[in-house]
Amino acid sequence: MKKLVLIMAGLFLFTVANAQDKEALKAQKAAIKEAESTLKKAKSIYETSIPNPQYGRKETDYAKLDGALPLIESALQNEYTKNDIQTFQTAADIYYQYYVKKENEVKADPDYEQLKGEFIEISSKTLNYCAKYDSLLALDTKAKPEELKVRHIQYQNMGVNPAIQLLQAAQNYSNSDSQADLKLGAKYANEFLRTMEQSHLMSDFSNANLNDWKTYAKAFRAQSLLNIEGSAEDQIVEAYKALMDTRYKGVAYQSLSNYFREKDQAKQNQYLQEGIDALKGDAEQADLRANFAIILMQNYFQKGEKDNFKKIANLVKTEFADNDNAINAYLMEGQMAFEDKDYDGAKAIFLTAKEKFPDESKCLLMAARSAWMKAQVGGSKKADMDDAIALFKQLEAENPDDSELWGESLYILYNNTQQPALAAPYKKYYKAP
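Converting from the sequence shown to the working numbering requires adding 793 to each position, the first position being numbered 1.
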């Protein structure tokens, strides 16, 4: 008897479960039917809203088409239609109509910022739906190749102009001071690049300006990311690395070196050196390359990296001799020798600098100080003292109105060499301790 009860209970549970499955299946079928009906309604409204000479419609009936928007949005989100090829085709068709409408409105009122923002959002949706539809279309093994090609070209043409609008928006937003705008700049640049470089929609698109467009998008993306607060370091680096094989490679190395200037000088030096190497032979960016070299030279000097400094200083002296900052290669090299107490070497470097930059008084001043230091550490021999005096006198002759350079020094030197009569005129410049 107990066994019979258990069997009956099992049958009851099976019957209940089976009934629940049937109800669930029934509900699912109803949900699928409703989702398909929603998509069908959106498509029907679209088809009866657009121009059709057969029915006397010369212009799109946007008042009617507005009714399709909530329906297609529902289809795009519904689990039963969100991956359907018809959903994306219908979405692309509907939003392309609004793209045309908004484009005309913006042309009529180009200063209306809210309108421009709406136009860009519609451009983004139009492009994305065209690309998604085309990607699914490419998987259709039943359609004839010639039919696929016609539809592919149709939606490619529908997507190109919205893509250009995203590129223009990326440029505008990348130059903004607003964090929200900068984020949009990065977003739209990424969308443009993703479509142009990765989508099936644009895989065979050809335009003489295409490579330039991609380069601009990479530049706008990088600039936006650089200025967005909290952007991940690797994102910024990768964005600029994408520009290193373009004509904006100089800007890429410059931006990265500036980015790491306060954060990591080793990385800054890395990108400065890479920039120097990458721009070699590039006449249009010769000044930028020289700037990289001079900054790198200063970094090595400040860190006391003598071998690295000398290597880059020689580069500056040989390849950028005409640069206004090339004198720093000599002054720093001389200063390094001076600090190493190689006063003869320092004087020689400063005098070489004087020959190359005759108007730069600091060259002669440092040569004179080097000679004086040699005299002091060498026992103040007369020849050494006379050498220092001669250099300071030359400094006086060339800069008679700048007594700060030579006045006190000559007073001390003449006194130290027991020449009080010659020291007397310079006494007024002496600053007693």
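Yeah, the Cβ is synthetic: ideal placement off N, Cα and C, and Gly gets one too.
Presumed contact (8 Å Cβ cut-off) between residue i and residue j, rounded CB distance
| i | j | result |
| --- | --- | --- |
| alanine 1071 | tyrosine 1046 | 6 Å |
| tyrosine 839 | leucine 862 | Contact doesn't hold; Cβ gap of about 10 Å is too wide. |
| threonine 1008 | tyrosine 1041 | 7 Å |
| glutamate 1189 | leucine 1157 | Not a contact, Cβ separation roughly 10 Å. |
| alanine 956 | phenylalanine 985 | 6 Å |
| tyrosine 873 | alanine 828 | 4 Å |
| asparagine 1062 | leucine 1036 | Asparagine 1062 to leucine 1036, Cβ: 20 Å. No contact. |
| lysine 1140 | alanine 1164 | 5 Å |
Among the options, the one whose alpha carbon lies nearest that of residue i
| i | options | result |
| --- | --- | --- |
| asparagine 1208 | Glu1189, Pro1193, Asp1179 and Asn1192 | Asp1179 |
| leucine 1124 | Gln1187, Lys1096 and Ser1154 | Ser1154 |
| glutamate 1112 | Ala1083, Ile865 and Leu1018 | Ala1083 |
| leucine 1019 | Val1030, Leu941 and Ala1059 | Val1030 |
| aspartate 1117 | Tyr889, Leu1081 and Tyr1204 | Leu1081 |
| asparagine 1000 | Gln949, Gly1043 and Pro1151 | Gln949 |
| glycine 1068 | Val1044, Met1090 and Glu1055 | Val1044 |
| alanine 1130 | Arg1162, Lys1073 and Glu1148 | Arg1162 |
| lysine 909 | Asn1002, Ala861, Gly1023 and Ala962 | Ala962 |
| tyrosine 981 | Pro863, Ser917, Met1090 and Phe1053 | Ser917 |
| leucine 843 | Asn871, Glu852 and Lys836 | It should be noted that the sequence gives isoleucine, not leucine, for residue 843. Closest option to isoleucine 843, Cα to Cα, is Glu852. |
| glutamate 1132 | Gln1095, Glu1148, Lys1220 and Leu1108 | Gln1095 |
| alanine 868 | Ala885, Arg1014 and Leu832 | Leu832 |
| glutamine 1211 | Lys1110, Gln1063 and Lys1174 | Lys1174 |
| isoleucine 915 | Ala1141, Tyr892 and Leu1188 | Tyr892 |
| glutamine 890 | Gln907, Ala1114, Thr1145 and Asp854 | Asp854 |
| arginine 1014 | Asp886, Asp1152, Ile1120 and Asn965 | Asn965 |
| glutamate 911 | Gln1061, Lys815, Leu977 and Leu941 | Leu977 |
| phenylalanine 758 | Phe1143, Leu1049, Ala1225 and Pro955 | Any question about residue 758 goes unanswered here, given that the chain covers just 794 to 1226. |
| alanine 1146 | Asn1121, Ala1012, Tyr1136 and Lys1134 | Asn1121 |
| glutamine 1028 | Leu960, Lys1011 and Tyr1222 | Lys1011 |
| aspartate 927 | Gly1074, Asp997 and Lys834 | Asp997 |
| lysine 834 | Asp1137, Phe1150 and Leu864 | Leu864 |
| glutamine 1091 | Ala1079, Ala1106, Gln1078 and Glu1077 | Ala1106 |
| phenylalanine 1150 | Ala1181, Gly1127 and Asp1115 | Asp1115 |
| glutamine 1257 | Thr988, Asn1002 and Ile913 | Because the chain here runs from 794 to 1226, residue 1257 falls outside it and cannot be looked at. |
| aspartate 1100 | Gln1078, Ala1119, Asn871 and Glu1126 | Glu1126 |
| tyrosine 1219 | Ile887, Leu1203 and Gln991 | Leu1203 |
| serine 992 | Val953, Glu1148 and Ser1017 | Val953 |
| aspartate 1075 | Thr1039, Tyr1052 and Asp814 | Thr1039 |
Beta-bridge pairing of residue i - partner residues as DSSP gives them
| i | result |
| --- | --- |
| asparagine 845 | Arg850 |
Where residue i falls: helix, strand or coil (DSSP)
| i | result |
| --- | --- |
| proline 863 | helix |
| glutamate 1077 | helix |
| alanine 1098 | Checking the displayed sequence, the identity of residue 1098 turns out to be glutamate instead of alanine. Note: glutamate 1098 maps to coil in three-state DSSP. |
| tyrosine 981 | helix |
| lysine 1134 | coil |
| glutamine 1041 | According to the sequence displayed, residue 1041 carries tyrosine and not glutamine. The answer is coil: DSSP assigns tyrosine 1041 none of H, G, I, E or B. |
| isoleucine 1021 | coil |
| threonine 988 | helix |
| glutamate 1031 | helix |
| tyrosine 905 | coil |
| threonine 880 | helix |
| asparagine 1000 | coil |
| methionine 794 | At methionine 794, the pLDDT of 46 sits below 50, so the modelled position is not reliable; the number obtained from the coordinates is stated separately. Methionine 794: coil per DSSP, three-state reduction. |
| methionine 995 | coil |
| lysine 1056 | coil |
| glutamine 1211 | coil |
| tyrosine 873 | coil |
| glutamate 1153 | coil |
| serine 971 | coil |
| leucine 1036 | coil |
| alanine 856 | helix |
| lysine 1224 | coil |
| glycine 1172 | coil |
| lysine 937 | coil |
| proline 1218 | helix |
| asparagine 897 | helix |
| phenylalanine 912 | helix |
| alanine 1086 | helix |
| asparagine 1116 | coil |
| leucine 1108 | helix |
| asparagine 1192 | coil |
| alanine 931 | coil |
Residue-chain proximity (residue i, chain E), Cβ-Cβ < 7 Å
| i | result |
| --- | --- |
| glutamate 827 | Among the protein chains of the structure shown there is no chain E, as only one such chain exists. |
Between the stretch 963 to 972 and the stretch 937 to 953, can you find at least three pairs of beta-carbon atoms closer than 8 Å? no
- Query: Does the stretch 896 to 906 touch the stretch 920 to 939, meaning 3 or more C-beta pairs lie closer than 8 Å?
  - Reply: no
Cβ contact check for the stretch 1195 to 1204 and the stretch 1166 to 1179: 3 or more pairs under 8 Å | no
*asked:* Any contact between the stretch 922 to 930 and the stretch 870 to 889? By contact I mean 3 or more CB pairs, one from each, below 8 Å.
replied: yes
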